[in-house]
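Beneath this line is the structure, given in structure tokens, with notes to follow.
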RNA sequence: GCCCCCGUAGCUCAGUGGAUAGAGCGACGGUUUCCUAAACCGUAGGUCGCAGGUUCGAUCCCUGCCGGGGGUACCA
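Residue numbers (the working numbering): 265 to 859.
Shown next, in the form of structure tokens:
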């Protein structure tokens, strides 16, 4: 909030240059790298001096002089000193102003975060697993990032519509259908249908792909492949029969769908992820022929080599194919129909697609086609993310060729957390509490490990790193929250009374001041997250905030402080706990009272 | 071939046109009569792939090169 104020002040006539230059120059207010340089630094004098033909330090001195004279400046900031170095303008927030900001946030249910002035309707398309496949670690990124962005944008005041665009109509069903007809285990299906369908999928995929190294590792698949050399083609035929309305396959699809959905629902519940809609590919199936007809009629699409495609960059560049030579529709066709449907029914200002960056080109083409098609004025954004890699630098797979199941990952995370709970000697916790802590901490660690990465870069998957519970992990923030709760319960503190008395906030120790400076940045961090759709900016700030709290906690007593210091520090604890809890909540990560 | 992304500490990764490039893990050393040690404090460790260019200032922007990954007409 202080950076914004400073920019505002500078805009009020401090910098006398051409108005075109102002926005760029105002960006040049930043947090100081080192506390000894004050809280915020202005770097505009250096760049400006060149153009004005003056010495940077002289110009900086002049800016400082004018800044002080602007009304409102003195309420928020200490008088700036002389320019430093080549012409830095270093500014320090007045302790009183900082304390007042903390006081205001303590009293505010929204913790000092105002809702946006112009709310938008934003559709977020994320997770989108193929329902016939078991979910694996590769699914976690889209699911977790999309969920976090949805929560953050909602909190910022936007109208958010989440939609899980399920893959419920593709080749994977052909595999299950083929498997069902050739090698089903009725007893296993009766006992645990999802497990049996999962087994069929994994088995048939190997048979259909017929990769020698995979078959070598799986005798059952190898035997089937030997008996059915045409399995790959037959799988596609099963898919085609489903699409053409074949009664048997359609019936099986209707039988399998609830089973598949129940499977992924269980994972979503455990991850605490929910959707407003789950309109899968099958939902848009009836519209696809119309999409192709429209695009042909509009002259955007044309036939080529028997297929129909939209040629966006001339005949030489690969087109966006919307109908195959055999008449089947494609991924792109469904995506176009989906955009059309969403615009008509939801009228969004923005649609975010949380999808692996390898599909960047696909989305470029789909978006460009949608624009030329005249679907409407909407921001279509591919929020791409990097691939999860294995130790070998290739997309993640275990040695056997399978990826690690998402459920197994969650189980392992919870189990490791349970072990730490036991080791930590939390003897006073009952069994139910221990389980709840383990679940919250274990799942939180996994989500945080993903969210704290820059989403655009690939990352190497590591069980140990993902399930780590010390250092820069969710547990670190959860632990800080538990410490706040510990203070309040041990001291029998009435939180409401603390908030009512928060006018007494005093920031005397360096640790208190550092904590307060981080606390008042919540709003701008969320703004930055939205601007680039980057949740890792929020994790980085939360980690910084929790770190400042840990230093504060270790060096300054709260309950044993006397008089004003006690109530002031209680207010800081209360706000820190709430901000951390809420911030983690925006990431879809829970907290516990004790751990 | 063309297009996109990446190359930062032993490992995994942040980061930014600005003042001594950061964190975690790992290593080494310290902290518990005191509100939770899942913590805190400290030490060691870097020619930010290489070479040019733009700039008052480049790890960041531009060009070239080297290395890795991905995409590239009928999968999603």
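Quick reminder that beta carbons are idealized off the backbone N, C-alpha and C, glycines included.
These numbers come from a predicted model, not from an experiment.
Where residue i falls: helix, strand or coil (DSSP)
{"i": "residue 717", "result": "coil"}
{"i": "residue 285", "result": "At residue 285 the pLDDT is 47, less than 50, meaning the model places this residue with poor confidence and gives no usable figure here."}
{"i": "residue 508", "result": "coil"}
{"i": "residue 609", "result": "helix"}
{"i": "residue 629", "result": "helix"}
{"i": "residue 732", "result": "coil"}
{"i": "residue 708", "result": "helix"}
{"i": "residue 615", "result": "strand"}
{"i": "residue 663", "result": "Because residue 663 carries a pLDDT of 49, less than 50, the predicted location of this residue cannot be relied on, and the following value inherits that uncertainty. DSSP places residue 663 in coil when its eight states are reduced to three."}
{"i": "residue 440", "result": "helix"}
{"i": "residue 499", "result": "helix"}
{"i": "residue 766", "result": "helix"}
{"i": "residue 542", "result": "coil"}
{"i": "residue 597", "result": "helix"}
{"i": "residue 826", "result": "coil"}
{"i": "residue 332", "result": "helix"}
{"i": "residue 400", "result": "strand"}
{"i": "residue 848", "result": "helix"}
{"i": "residue 725", "result": "coil"}
{"i": "residue 271", "result": "helix"}
{"i": "residue 649", "result": "strand"}
{"i": "residue 297", "result": "coil"}
{"i": "residue 322", "result": "helix"}
{"i": "residue 392", "result": "coil"}
{"i": "residue 592", "result": "coil"}
{"i": "residue 792", "result": "helix"}
CB contact flag (residue i, residue j, <7 angstroms)
{"i": "residue 502", "j": "residue 438", "result": "yes"}
{"i": "residue 651", "j": "residue 540", "result": "no"}
{"i": "residue 802", "j": "residue 793", "result": "yes"}
{"i": "residue 670", "j": "residue 709", "result": "no"}
{"i": "residue 321", "j": "residue 351", "result": "yes"}
{"i": "residue 839", "j": "residue 316", "result": "no"}
{"i": "residue 433", "j": "residue 545", "result": "yes"}
{"i": "residue 413", "j": "residue 797", "result": "yes"}
{"i": "residue 639", "j": "residue 631", "result": "no"}
{"i": "residue 855", "j": "residue 845", "result": "yes"}
{"i": "residue 489", "j": "residue 548", "result": "no"}
{"i": "residue 714", "j": "residue 404", "result": "yes"}
{"i": "residue 556", "j": "residue 572", "result": "yes"}
{"i": "residue 570", "j": "residue 596", "result": "no"}
{"i": "residue 457", "j": "residue 523", "result": "yes"}
{"i": "residue 394", "j": "residue 542", "result": "no"}
{"i": "residue 357", "j": "residue 420", "result": "no"}
Endpoints, the beta strand (DSSP E) within which residue i is located
{"i": "residue 406", "result": "First-last for residue 406: 404-419, but that is the alpha helix (DSSP H), not the beta strand (DSSP E)."}
{"i": "residue 458", "result": "Run containing residue 458: none in the beta strand (DSSP E); it sits in the alpha helix (DSSP H), 457-473."}
{"i": "residue 385", "result": "385-389"}
Residue i: first and last residue of the uninterrupted alpha helix (DSSP H) it sits in
{"i": "residue 800", "result": "800-819"}
{"i": "residue 587", "result": "Careful: residue 587 lies outside any alpha helix (DSSP H), inside the beta strand (DSSP E) at 584-587."}
{"i": "residue 779", "result": "774-783"}
Whole-angstrom C-beta distance between residue j and residue i, which should lie under 8 angstroms
{"i": "residue 441", "j": "residue 559", "result": "In fact, because the Cβ distance is near 30 angstroms, the residues do not count as touching under 8 angstroms."}
{"i": "residue 685", "j": "residue 702", "result": "6 angstroms"}
{"i": "residue 773", "j": "residue 809", "result": "In fact, because the Cβ distance is near 17 angstroms, the residues do not count as touching under 8 angstroms."}
{"i": "residue 593", "j": "residue 603", "result": "Actually they are not in contact, since the Cβ atoms of residue 593 and residue 603 sit about 15 angstroms apart, beyond 8 angstroms."}
{"i": "residue 720", "j": "residue 621", "result": "7 angstroms"}
{"i": "residue 837", "j": "residue 751", "result": "6 angstroms"}
{"i": "residue 266", "j": "residue 340", "result": "7 angstroms"}
{"i": "residue 408", "j": "residue 852", "result": "7 angstroms"}
{"i": "residue 618", "j": "residue 410", "result": "4 angstroms"}
Contacts around residue i, its chain only, beta-carbon distance under 8 angstroms, and the 5 residues preceding and following it disregarded
{"i": "residue 828", "result": "768 and 770"}
{"i": "residue 485", "result": "467, 470, 471, 478 and 479"}
{"i": "residue 348", "result": "301 and 354"}
{"i": "residue 538", "result": "426 and 532"}
{"i": "residue 452", "result": "459, 460 and 463"}
{"i": "residue 610", "result": "385, 387 and 425"}
{"i": "residue 753", "result": "857"}
Close beta carbons around residue i, own chain, < 7 angstroms, minus the five adjacent residues each side
{"i": "residue 469", "result": "439"}
{"i": "residue 482", "result": "470"}
{"i": "residue 518", "result": "none"}
{"i": "residue 825", "result": "833"}
{"i": "residue 857", "result": "746 and 749"}
Heavy atom of the ligand MG within 6 angstroms of residue i beta-carbon
{"i": "residue 308", "result": "Looking at this structure, you won't find the ligand MG or any other ligand, since it has none at all."}
Nonlocal neighbours in the same chain, by C-beta distance under 6 angstroms from residue i, ignoring five residues either side
{"i": "residue 287", "result": "Here residue 287 scores only 46 on pLDDT, less than 50, and its place in the model is too uncertain to base an answer on."}
{"i": "residue 862", "result": "Any property of residue 862 remains undetermined from this structure, which presents the chain solely from 265 to 859."}
{"i": "residue 385", "result": "423, 612 and 613"}
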